[in-house]
Amino acid sequence: MRIVRVILIKSRTAARSGAAAAAPKGTTVPARTPLALIAAAAALALLGCAGADGSAPAGDAGEQLRVVATTTQLADFALRVGGDDISLTGLLAPGASAHHFDPSPADLLALARADVLLVNGAGLEGFVESAVEASGFDGTVITASAGIDLALAQEITAEAEAESGHEHDEGQAGDEHGDEHDDADEGEHADEHDHDGLNPHIWTSVRFAQGMVAELADGFAAADPAHAAAFRERAAEYTDQLESLDAWIGAQYARVPASERLFVSGHDSLTYYLHDYDIEFIGSLVPSFEDNAEPSAAQLDALIAEIRAHGVKAVFVESSMNPKLARTVAEEAGIRAVDTDQLYADSLGAPGTPGATYLGATIANTRTILTGWGASIDPLPAELEG
């Protein structure tokens, strides 16, 4: 039996750290620009990999569909849907964030050889257009956010901002990606979509995740018709698990009084999850969708005042963020910082951790929040065990 290959290529952060040190407060460090990718593209050309690698096209007998997924969540979805019929490369390593990902020559090499590029969309991956251009990728782009109701996502984002009392004035730099399942050789993979102000963490909603999985399955089926039935069958089985997960989570939170369902986190990463289960978002340490922004002293003072006014019990921290600021704010507000069991938001966990898969990460997040509130937790249904 063929084995699915998963190559997790760690993001390079040295360049980012230097830029971050010089960045003023309130700004974010941008992803690598097209000019900065010239060196990586040159290295790729030296390897002789700017085009196809000479192997048989996807769909031929015995050939796997070669897939590159940008985020850890998308890589997990791809594995669940693709099974043994794909060869998978995940660009972001566990714990890394797409907000400041820096493509390497190895990333471009994987992209140059890929049949399919799987992206989140919704303004998350600012590096995609430059990486596609530098690598010479000419395959199919599947945009997972095309499977959800983006107008609804925009409404939820606006509601969360109004609820927490701040706005993301800087907006989000929209990633440029392909129209639904368009081939890059038609020149349409870089169509620009305006997602300013939209929280890109759409996978945090288990309900949105179901739409993303369906979009992924349709895209795989179009790229490799020989295995279309298998892709759709696996997607249906996985969707059943996602529906069971959604029901289990809802039942846990239903027992917590609405007045106690109050949430403060590191940054605005779980907006859609909170909306699905009627959890009030009080605010975040970093009032931004991006985890590498820096709050002002006035913003932190205002958050502490909100925490005290609402009687918030705990501050939660995402795994992609340093917990020191959360500890400081929690101490000042007189509450606890839940930082030993951090939340999986921007990334899944490393292999062997509770958050190594999307199901596991979402279950772990639910348990962490409920435990932080001192609430009881039901056992998992059988279909979610293991």
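Position in the sequence shown counted from 1, then plus 58, gives you the numbering used here.
Backbone N, C-alpha and C define an ideal beta-carbon position, used for all residues, glycine too.
- Cβ contact annotation for leucine 123 (same chain, cutoff 8 angstroms, sequence separation greater than five): Ala116, Gly117, Gly140, Asp143, Ile144, Ser145, Asp173, Val174, Phe278, Ala281, Asp282 and His285, in chain order.
- Here the segment 400-419 makes no contact with the segment 183-201; the two share fewer than three CB pairs at distances below 8 angstroms.
- In the DSSP secondary-structure assignment, valine 322 is bridged to Gly341.
- Going by beta carbons, leucine 149 and alanine 127 fall inside the 8 angstroms limit.
- Look at the segment 352-410 and you find these whole runs of alpha helix (DSSP H), each 4 residues long or longer: 355-368 and 382-391.
- If you draw a 10 Å sphere on the C-beta of aspartate 207, you find fewer than 16 other C-beta atoms in it, and that means exposed.
- For arginine 138, the enclosing alpha helix (DSSP H) starts and ends at 130-140.
- With contacts defined by Cβ atoms closer than 8 angstroms, leucine 401 and glutamate 376 form a contacting pair.
- Within its own chain, the residues whose Cβ lies closer than 7 angstroms to the Cβ of tyrosine 331, once the five positions on either side in sequence are excluded, are Thr262 and Ser263, listed in chain order.
- In this structure, Gly369 is the residue among Thr429, Gly369 and Gln310 with its C-alpha nearest to the C-alpha of serine 317.
- Checking the DSSP bridge columns, you'll see glycine 430 has no partner listed.
- Bounds of the beta strand (DSSP E) holding threonine 147 are 144-148.
- In the three-state DSSP reduction, arginine 124 falls in the strand class (E or B).
- A buried status is given to threonine 130, since no fewer than 16 other beta-carbon atoms sit within 10 Å of its beta-carbon.
- In this chain, the alpha helix (DSSP H) harbouring aspartate 304 covers 286-312.
- Bounds of any alpha helix (DSSP H) do not take in serine 263, whose DSSP letter is neither H nor E.
- Taking the Cα of alanine 211 as reference, the smallest distance to any Cα among Gly269, Leu361, Pro345 and Ser342 is reached at Gly269.
- Counting only residues of its own chain and dropping the five nearest sequence neighbours on each side, proline 381 has a CB closer than 6 angstroms to the CB of Val375 and Asp397.
- Collapsing the DSSP output to three states places alanine 281 in a helix.
- Boundaries for histidine 259: no alpha helix (DSSP H) harbours it, and the DSSP string shows neither H nor E there.
- In the DSSP annotation of this structure, the continuous segment of the alpha helix (DSSP H) that includes tyrosine 331 starts and ends at 329-334.
- Note on geometry: alpha-carbon atoms of alanine 216 and glycine 255 lie some 8 angstroms from one another.
- Sorting His333, Gln357 and Asp336 by C-alpha distance to the C-alpha of valine 344 places Gln357 at the top.
- The shortest C-alpha to C-alpha distance from valine 387 to any of Asp276, Val373 and Val177 is the one to Val373.
- The beta-carbon distance between leucine 300 and alanine 267, rounded to whole angstroms, is 6 angstroms. This is short enough to meet the 8 angstroms contact definition.
- Under the three-state reduction of DSSP, glutamate 443 is assigned to coil, being neither helix nor strand.
- Setting aside the 5 residues that flank it on each side, asparagine 423 is surrounded in the same chain by Leu401 and Tyr402, each with a C-beta closer than 7 angstroms to its C-beta; the list follows chain order.
- Residues of the same chain with a CB within less than 7 angstroms of the CB of arginine 138, apart from the 5 flanking positions on each side, are Arg292 and Tyr296 in chain order.
- Counting along the chain, serine 193 sits inside the alpha helix (DSSP H) bounded by residues 186-193.
- Taking C-beta separations shorter than 7 angstroms and ignoring five residues to either side along the sequence, proline 409 has no partners in its chain.
- Taking all protein chains shown into account, glycine 181 has 16 or more neighbouring C-beta atoms within 10 Å of its C-beta and is therefore buried.
- Here DSSP, grouped into helix, strand and coil, assigns alanine 168 to helix.
- CA-CA distance, alanine 367 to arginine 425, rounds to 25 angstroms.
- The shortest CA-to-CA distance from alanine 154 to any of Ala168, Ser378 and His259 is the one to Ser378.
- With 16 or more other Cβ atoms inside 10 Å of its own Cβ, glycine 407 counts as buried.
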